[in-house]
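Note that full-length UniProt numbering has the sequence shown beginning at 1, numbered continuously upward. By construction, the Cβ of each residue, glycine as well, lies at the ideal position given by its N, Cα and C atoms. Computed from a prediction, not measured in an experiment: that's the story for all the values here. Read the structure below first, then the notes.
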Amino acid sequence: MTLTFYTNPMSRGRIARWMLEEIGEPYDTMLVDWTQKPAALLDANPLGKVPTIVHDGAVVSEAAAICAYLAEAFPAAALAPRAEERAPYLRWMFFTAGPLEAAMIDKVLGVEVPEAKRGMVGYGGFGQAVDTLEYAVSAHSYITGDRFTAADVYVGSAVGWFTQFGLLEKRETFMRYLDRLQQRPAYQRAAAIDDALIAEAAQR
Numbered sequence: 001m002t003l004t005f006y007t008n009p010m011s012r013g014r015i016a017r018w019m020l021e022e023i024g025e026p027y028d029t030m031l032v033d034w035t036q037k038p039a040a041l042l043d044a045n046p047l048g049k050v051p052t053i054v055h056d057g058a059v060v061s062e063a064a065a066i067c068a069y070l071a072e073a074f075p076a077a078a079l080a081p082r083a084e085e086r087a088p089y090l091r092w093m094f095f096t097a098g099p100l101e102a103a104m105i106d107k108v109l110g111v112e113v114p115e116a117k118r119g120m121v122g123y124g125g126f127g128q129a130v131d132t133l134e135y136a137v138s139a140h141s142y143i144t145g146d147r148f149t150a151a152d153v154y155v156g157s158a159v160g161w162f163t164q165f166g167l168l169e170k171r172e173t174f175m176r177y178l179d180r181l182q183q184r185p186a187y188q189r190a191a192a193i194d195d196a197l198i199a200e201a202a203q204r
């Protein structure tokens, strides 16, 4: 089995790193410089985006897809949804990767969607998107219920990322959910690895 992980520690690669640490399988890390992307990455993903993984020749990009793929490819980690968890698992992972991400990017870019056009953007108004996220993380301890799954890696990463950069207000519901996830040993290992890589790069 070969598993190669293309990443930059100051990117959404941190999401995939966390997921890789959760599955507990060995993987090779290929660090990607923004200005000089390796040919192997461009061969695998013409966009040159990170994160990208190559698992026994199969290429997966997009952080949400990587989380879902790894959960299925390594069932021993028990991070894929059970039958009764599948609906919320897919619903909230796709919501976060689609409408919520779009809402946050529009906010960063200063895009104001006219009220009459909100039906076109998929997330309605920004406030609606945030309230919907709060609904998702407050219904249970985890996205699918009382059990941690790969959906929590992706949704939890989004909550952490967006609150860190001030795009998402630090509502009590969000912070309780985030604190619960950040207690996980795999999260802490992944964060330590990427934080060390950032510190090492800063000293060069």
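Could you pull out every residue in the same chain whose Cβ sits closer than 6 Å to the Cβ of residue i, ignoring the five residues on either side in sequence?
i: Val159; result: Phe174, Leu178
i: Ala136; result: Trp92
i: Phe162; result: Met104, Leu168
i: Val60; result: Ile53, Ile66, Tyr69
Got a sec? Which residues, its chain only, sit under 7 Å from residue i by beta carbon, not counting five neighbours each side?
i: Pro99; result: Gly122, Tyr123, Ala129
i: Gln203; result: none
i: Phe126; result: Ala103, Lys107
i: Thr29; result: Phe5, Thr7
Which partner residues of residue i appear in the DSSP bridge assignment?
i: Met30; result: Tyr6
i: Val59; result: Val54
i: Gln36; result: Asp33
i: Tyr89; result: Paired residues: none, contrary to the question.
State the start and end residues of the unbroken alpha helix (DSSP H) segment that holds residue i.
i: Arg12; result: Unbroken run through Arg12: none, as it is neither H nor E.
i: Met175; result: 172-182
i: Ala78; result: Taken as a continuous stretch (DSSP letters only), Ala78 belongs to no alpha helix (DSSP H), as it is neither H nor E.
i: Thr163; result: 150-164
i: Phe126; result: 126-138
Write down the C-beta distance between residue i and residue j rounded to the nearest angstrom, noting that I regard them as a contact closer than 8 Å.
i: Ala16; j: Ala58; result: Not a contact, Cβ separation roughly 15 Å.
i: Leu90; j: Leu20; result: So it is not a contact: roughly 21 Å between Cβ atoms.
i: Thr52; j: Tyr6; result: 5 Å
i: Phe74; j: Ile23; result: 4 Å
Please return the same chain residues whose Cβ sits closer than 8 Å to the Cβ of residue i, not counting the five positions on each side in sequence.
i: Leu197; result: Pro9, Leu31
i: Ile143; result: Pro88, Tyr89, Trp92, Met93, Ala136, Val137, Thr149, Ala151, Asp152, Val155
i: Glu101; result: Ala158
i: Ser141; result: Arg180
ask   = Does the segment 77-94 come close enough to the segment 145-156 that 3 or more CB-CB pairs lie under 8 Å?
value = Because the criterion of three Cβ pairs below 8 Å is met, the segment 145-156 and the segment 77-94 touch.
request  = Check whether the segment 181-188 touches the segment 1-14, counting contact only when three or more Cβ pairs, one atom from each stretch, lie closer than 8 Å.
outcome  = Not touching, per the Cβ criterion.
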